[in-house]
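A.B. asks:
Protein chains in written order, with my numbering: chain L, 639 to 953; chain W, 80 to 367.
1) From the DSSP output, in three-state form, read off residue 924(L) for me.
2) Reducing DSSP to helix, strand and coil, say where residue 143(W) ends up.
3) What residues of chain W sit near residue 709(L), judged by a beta carbon separation below 7 Å?
4) Hey, how far is the Cα of residue 274(W) from the Cα of residue 898(L)?
5) In its own chain, which residues sit with a C-beta less than 6 Å from the C-beta of residue 930(L), not counting the 5 before and 5 after it?
6) Who are the neighbours of residue 771(L) on chain W, taking C-beta pairs under 8 Å?
7) At 8 Å on the CB atoms, spell out the chain L contacts of residue 341(W), in chain order.
8) Just checking: is the beta-carbon of residue 367(W) within a distance shorter than 8 Å of some beta-carbon in chain L?
9) Provide the residue span of the alpha helix (DSSP H) that contains residue 328(W), from first to last.
10) Quick one: what's residue 98(W) bridged to in DSSP?
11) Check whether chain L comes within 8 Å of residue 257(W), counting only Cβ atoms and requiring the distance to be less than that.
12) Run down chain L in chain order and give the residues with a C-beta less than 9 Å from the C-beta of residue 393(W).
13) Identify, in the order they occur along the chain, each residue of the same chain with its Cβ nearer than 8 Å to the Cβ of residue 104(W), setting aside the five sequence neighbours on each side.
14) Against chain W, which members of the stretch 690-720 of chain L pass a CB distance test of less than 7 Å?
15) Which one of 823(L), 905(L), 934(L) has the shortest CA to CA distance from residue 796(L)?
16) Listed from N- to C-terminal order along the chain, which residues in the stretch 117-129 of chain W have their beta-carbon within a distance smaller than 9 Å of any beta-carbon of chain L?
17) For residue 119(W), which residues in the same chain have their Cβ closer than 7 Å to its Cβ, ignoring the five residues on either side in sequence?
18) Assign residue 144(W) to buried or exposed, taking buried as 16 or more other Cβ atoms, counted over all protein chains shown, within 10 Å of its Cβ.
19) Work out the CA separation of residue 818(L) and residue 914(L) for me, nearest whole Å.
20) Check whether the Cβ atoms of residue 833(L) and residue 707(L) sit closer than 8 Å, and answer yes or no.
21) Among 752(L), 759(L), 908(L), which has the Cα closest to the Cα of residue 814(L)?
22) Only counting the same chain, and skipping five residues up and downstream in sequence, which positions put a Cβ closer than 7 Å to that of residue 836(L)?
23) Taking 8 Å as the CB-CB limit, is residue 662(L) close to chain W?
24) Using beta-carbon positions only, say whether residue 937(L) and residue 694(L) come within less than 8 Å of one another.
25) Please determine, among 896(L), 879(L), 918(L), the residue with the shortest C-alpha to C-alpha distance to residue 948(L).
26) What residues from chain W crowd round residue 929(L), counting only those whose CB sits closer than 7 Å?
27) Taking Cβ positions, are residue 332(W) and residue 122(W) nearer each other than 8 Å?
28) Can you confirm whether residue 317(W), when its beta carbon is compared against all beta carbons of chain L, has any partner nearer than 8 Å?
29) Would you list the residues sitting across from residue 712(L) in a DSSP beta bridge?
30) Are any of the Cβ atoms in chain L nearer than 8 Å to that of residue 278(W)?
31) Count the other CB atoms within 10 Å of the CB of residue 921(L); is the residue buried (16 or more) or exposed (fewer)?
32) For the stretch 290-337 of chain W, which segments carrying the alpha helix (DSSP H) assignment without a break, of at least 4 residues, lie completely within its bounds, in sequence order?
33) Is the beta carbon of residue 254(W) closer than 8 Å to that of residue 359(W)?
34) Between residue 771(L) and residue 838(L), is the Cβ-Cβ spacing less than 8 Å?
35) Just the C-alpha distance for residue 181(W) and residue 681(L), rounded to the nearest angstrom, thanks.
36) Does the stretch 304-318 of chain W come into contact with the stretch 211-227 of chain W, if we say contact requires no fewer than three beta-carbon pairs (one atom in each stretch) closer than 8 Å?
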């Protein structure tokens with residue numbers, strides 16, 4: 639007992655000394671470092687970590703904002719069990735996985751092709767690089783507006799193109815007619831908006847490969863395809879993996895485009911997980927189940943992120 | 080050396096099948112990326128009777144500018160939304176940059192304990208889907224009566240874009256050689272003075288890049304803006320344009336005009352500063 643009190647006294651004395659020293663001599667370099675990160679940590683803790691913990695907590699309760707008299711009873715894993723048993727949630731996850739994998743693979747292939755073209759010297763290369771960057775800078779919600787107009791079932795220009803090429807024989811309502819047409823239309827729009835990112839990242843990777851490698855390979859008698867397989871791909875791999883990480887996570891949590899283009903329709907055929915979660919939260923005001931859905935999404939994205947990081951580290 | 084050989088190669092075998100395929104492919108993808116933008120501008124400039132013409136007209140017979148007048152002057156909300164977007168994006172950029180310069184300096188140059196750990200936690204946090212925190216945040220803003228204000232948007236955006244800018248700046252700060260800073264400190268500079276007089280001027284291009292990307296990101300953000308705003312007084316432009324959809328009729332011409340007005344400055348900005356944008360987009364991927 640006595641000893642403990644003594645310790646306390648000594649401790650408080652040392653804090654007192656420290657404060658005094660700071661007052662006399664100013665902060666040491668390390669202390670200054672901690673002071674500098676405090677505002678950042680405070681903002682991130684309050685606006686990202688704290689709400690996330692509350693979301694996790696909500697997911698174990700029944701919370702219906704439109705029925706406040708219910709209170710907020712604790713229900714354990716019921717929200718999760720109900721969601722995993724509902725075909726709408728499972729379907730939304732499946733559609734998200736389908737959407738994300740198609741989008742990421744297609745962006746990788748097209749991005750690689752475009753980057754290989756832009757890596758050659760030709761007139762107007764800079765202009766092309768600048769113009770393909772333009773879609774990336776436009777808000778998804780605005781992108782959705784003008785693609786929606788092009789997809790229009792009666793007056794849309796895409797119908798006109800396909801009619802005059804003879805691919806279709808009567809106008810098609812691209813976003814509203816069938817599930818497969820709607821999801822393909824959304825994917826095309828997503829590719830328009832985000833392939834430039836992939837192309838630009840891969841192009842930067844290509845330009846960082848020293849030309850001497852290709853010269854040496856040429857002297858050794860390697861063909862175009864061999865050079866591509868033995869030099870380009872291995873050296874590009876790290877850059878591509880990181881770009882893939884960002885694109886997969888973004889595709890997995892896609893919201894704006896779907897919200898504006900189809901709202902999940904026709905039926906629920908284009909209802910991605912984040913859209914369904916958003917509808918649960920702010921449509922049905924069911925914060926318990928909505929939170930459970932977003933927690934499952936968060937677990938999935940974190941796992942995906944860690945898997946990628948592991949892959950990147952192995953490389 | 081490499082440059083001349085590749086040029087020579089292109090000149091010497093101009094008509095290989097590979098080249099023809101390349102040209103066709105280039106033509107197709109340039110058309111694919113440019114046409115929607117062109118079509119939007121053309122739609123905005125068509126008089127009402129020409130918008131719904133079948134087959135569509137490739138360009139308006141006479142440019143019709145009344146829609147721009149409609150959108151800018153007649154719709155009260157639009158200019159207000161643009162002003163809000165300016166305020167929100169500028170404040171977000173300023174706050175986000177100030178915070179991330181300070182903390183990146185602490186992590187990358189002062190090398191505080193736990194700094195690397197902090198970077199990893201921040202990276203994982205930045206992967207969280209926005210919907211995972213939007214519910215509680217909405218209730219918090221409502222509780223403290225900050226819902227439907229630009230303030231809550233700014234604070235949310237700052238938190239959301241901080242991870243990205245800290246990652247970028249910290250990795251840039253690490254590449255600055257330590258000698259200059261050490262010399263300054265030997266001459267009696269405090270660490271803060273060294274930051275302001277040595278590090279920030281050296282990192283100016285990187286800081287500019289991040290500022291521009293954060294500006295574009297917050298200008299374009301939709302999910303939080305949609306959820307946290309109720310009226311035109313706080314709405315930003317993506318939500319404002321989304322609200323153009325009437326109950327019965329969709330004013331396609333007006334929407335195209337509004338989109339054009341909002342798109343052109345951003346596209347021009349990106350094209351002028353493409354060097355910096357590309358640097359920002361690729362640095363994350365290449366330095367990783």
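Glycine included, C-beta positions come from ideal geometry on N, C-alpha and C.
Here the structure is a predicted model, which means the values were calculated and not measured.
C.D. replies: Answer, in terms of the structure:
1) Reduced to three states, the DSSP call for residue 924(L) is strand.
2) Of the three classes helix, strand and coil, the one that applies to residue 143(W) here is coil, per DSSP.
3) Residues of chain W passing the Cβ test: none, with the nearest at roughly 15 Å.
4) Distance from the CA atom of residue 274(W) to the CA atom of residue 898(L), rounded to whole angstroms, is 44 Å.
5) Closer than 6 Å at the Cβ level, and outside the excluded window around residue 930(L), lie 697, 717, 718, 721.
6) Result: 349, 350, 353, 356, 357.
7) Near residue 341(W) (Cβ distances below 8 Å), the residues of chain L are 777, 780.
8) Only weak support exists for where residue 367(W) lies, its pLDDT of 39 falling under 50; the coordinates are left without a value.
9) No alpha helix (DSSP H) contains residue 328(W), which DSSP labels as neither H nor E.
10) Residue 98(W) is bridged by DSSP to nothing; it lacks a bridge partner.
11) For residue 257(W), no Cβ of chain L is located within less than 8 Å of the residue's own Cβ.
12) Here chain W has residues from 80 to 367 only, and residue 393(W) is not among them.
13) Non-local C-beta neighbours of residue 104(W) in its own chain, meaning closer than 8 Å and more than five positions away in sequence, are absent.
14) Close to chain W, meaning a Cβ-Cβ distance shorter than 7 Å, are the following residues of the stretch 690-720 of chain L: 690, 692, 693, 696.
15) Residue 796(L) has its Cα closest to that of 823(L), out of 823(L), 905(L), 934(L).
16) Listed by position along the chain: 118, 119, 122.
17) Hits under 7 Å: 335, 338, 339.
18) Exposed: under 16 other Cβ atoms inside 10 Å.
19) Distance between the alpha carbons of residue 914(L) and residue 818(L): 19 Å.
20) No, the pair does not count as a contact, with Cβ atoms beyond the cut-off.
21) It is 908(L).
22) Counting only Cβ-Cβ distances below 7 Å, and skipping sequence neighbours, we find 745, 746, 749, 881, 885.
23) Closer than 8 Å: no.
24) Contact: no.
25) For residue 948(L), the nearest C-alpha among the options comes from 879(L).
26) Proximity of chain W to residue 929(L) at the Cβ level (cut-off 7 Å) is accounted for by 214, in chain order.
27) Yes, Cβ-Cβ distance for residue 332(W) and residue 122(W) is below 8 Å.
28) Nearest CB-CB separation between residue 317(W) and chain L: below the 8 Å threshold.
29) Residue 712(L) is bridged to 699(L).
30) Chain L contact via Cβ: absent.
31) It is exposed - the Cβ of residue 921(L) has fewer than 16 other Cβ atoms within 10 Å.
32) You should have 302-307, 316-321.
33) No, the Cβ-Cβ distance between residue 359(W) and residue 254(W) is not below 8 Å.
34) Yes, the pair counts as a contact, with Cβ atoms nearer than the cut-off.
35) Whole-angstrom Cα-Cα distance: 13 Å.
36) The way I'd put it, the stretch 304-318 of chain W does touch the stretch 211-227 of chain W; three or more beta-carbon pairs between them come closer than 8 Å.
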